[in-house]
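In the numbering used here, the protein residues as written are 1155 to 1261.
For glycine and all other residues, C-beta sits at the position ideal for the given N, C-alpha and C.
Because the structure is a prediction, the values reported are computed rather than measured.
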Amino acid sequence: MLATFRSKDGKSNRWDKIGEIVKIYPPVQARTTEAHDTSRDRVFKCEIWNPSAAGTHPLVVYSHFSGGNRRAASFLCEHICSHGYVVAAVDHSQTFVPNSAQAEHVS
């Protein structure tokens, strides 16, 4: 959405500035929940950030870096949420592979 602004005296016909107005949705506190993977019998802790504005919102899933956790980028998740997105950050481990196979180190 674009907005236009007039000079301070309000009388000028010249537009002083054209800018973008961003609608901000202050996020509510993150809540902790668990996601259950029944096919592999695993439980994942999860943080969910919801915009305070009512209605439906798109979902962003944050995947942390190797060795990190769901709270590694809480500042980023909160910022994304403030723009109207629901954000989910899930703890996951990179140590599990299908059928319990071991990864080989190749040099």
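Comparing C-alpha distances from Gly1238 to each of Gly1222, Val1197 and Ala1207 shows the shortest one belongs to Ala1207. Secondary structure at Phe1198: strand, using DSSP grouped into helix, strand and coil.
Taking a C-beta distance under 9 angstroms as the contact criterion, Pro1212 and Val1182 do not qualify as a contact pair. According to DSSP, residue pairing for Pro1212 in a beta bridge does not occur.
Per DSSP, Asp1245 has no beta-bridge partner at all.
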